[in-house]
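Take our numbering: the final residue in the sequence shown is number 208, and no numbers are missing along the way.
Quick reminder that beta carbons are idealized off the backbone N, C-alpha and C, glycines included.
The structure under discussion appears below in the form of structure tokens.
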Amino acid sequence: MKNMTQVTVNNRPLNHSFVEGQTVTDIINLVQADNNGREVLTSMTIDGERFECDGEHEVFRRNLNRCTNIDLYFQRPIDLAFEALESTSAYIDVISGKINELVTLYNENQLTAANHKFGEVIEIMDLFVQLMSKIHRTIREDMREKFVKSQTIQNLEIHLLSVMKALIPAKEKDDVIMLCDLLEYELIDNLTQWKIKAIPELKRLKNN
1 MKNMTQVTVN NRPLNHSFVE GQTVTDIINL VQADNNGREV LTSMTIDGER FECDGEHEVF
61 RRNLNRCTNI DLYFQRPIDL AFEALESTSA YIDVISGKIN ELVTLYNENQ LTAANHKFGE
121 VIEIMDLFVQ LMSKIHRTIR EDMREKFVKS QTIQNLEIHL LSVMKALIPA KEKDDVIMLC
181 DLLEYELIDN LTQWKIKAIP ELKRLKNN
């Protein structure tokens, strides 16, 4: 018995006959096989309900006989990387704001609140490092030999990691003066350079 579920992929009808017993996952696997894994599923809508595809969902196991309309949206990883770059400057502003709050707490000798905020800053900086690493990796894998990491980015990476490494012993020693210097001058300056130099440089690669 054929299933009458209507499926679109990026708003185009999927011309394929599905049979009784197949699931949403079967459709996804079929599309990914057709595009040779060059695109990833980013979201889908099933009978008007939208699902983000950033984890495991029970809906993936849903039988097609329970679905009338399925709309799948796929994107290339390189396009997702450049989309992420578009929001990175705003993300840096958020980080810088938290760093300034932390420095203010240290200057006002509010050590309990500062210790809590320090953990927030370290966590959000780790996320920033992971984000930039993932963007770099995706662009490099897509552009291959055309991608050459610039000296600007290399220097900023080295400086950022050295600042992050220096923060921990300064924190362990409760060296507030050193912490404030590292945070207010070294770290914020590094993030500013990412915003005004490195990120625009990476965005320009899109034209290549």
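Fewer than three pairs of CB atoms, one per stretch, sit closer than 8 Å, so the region 70–87 makes no contact with the region 180–194. The C-beta of residue 182 has 16 or more other C-beta atoms within 10 Å across all chains shown, which makes the residue buried.
The distance from the Cβ of residue 9 to that of residue 72 is about 5 Å, consistent with a contact at the 8 Å cut-off. Counting only runs of at least 4 residues, the region 169–205 fully encloses the following alpha helix (DSSP H) elements, listed from N- to C-terminal order: 176–181, 188–193, 199–204.
Residue burial is scored here from C-beta neighbours: residue 5 has at least 16 other C-beta atoms within 10 angstroms and is therefore classed as buried. About 7 Å separates the beta carbon of residue 205 from that of residue 143, a gap short enough to meet the 8 Å contact definition. Contact check for residue 64 and residue 22: beta-carbon distance about 5 Å, within the 8 Å limit, so the pair qualifies. In the structure shown, the three-state DSSP call for residue 162 is helix. DSSP links residue 43 through a beta bridge to 52, 73.
Where residue 9 is concerned, there is no enclosing alpha helix (DSSP H), although the beta strand (DSSP E) around it starts and stops at 6–9. A straight line joining the alpha-carbon of residue 88 with that of residue 43 spans about 21 Å. Of the candidates 98, 153, 33, 28, the residue whose Cα lies closest to the Cα of residue 120 is 98. Here residue 202 is buried. Its C-beta has 16 or more other C-beta atoms within 10 Å. Partner residues in the beta bridge of residue 23, as assigned by DSSP, are 63. Taking a contact to require three or more Cβ pairs closer than 8 Å, the region 97–112 and the region 166–184 qualify as touching. With respect to the C-alpha of residue 113, the residue from 123, 124, 122, 101 having the closest C-alpha is 101.
Secondary structure in the region 79–137: no alpha helix (DSSP H) run of 4 residues or longer lies completely within the stretch. Put simply, of 36, 41, 17, 116 the residue whose alpha carbon is nearest the alpha carbon of residue 28 is 41. For the set 154, 79, 117, the Cα lying nearest the Cα of residue 39 is the one of 79. In the DSSP assignment, residue 38 is bridged to no other residue.
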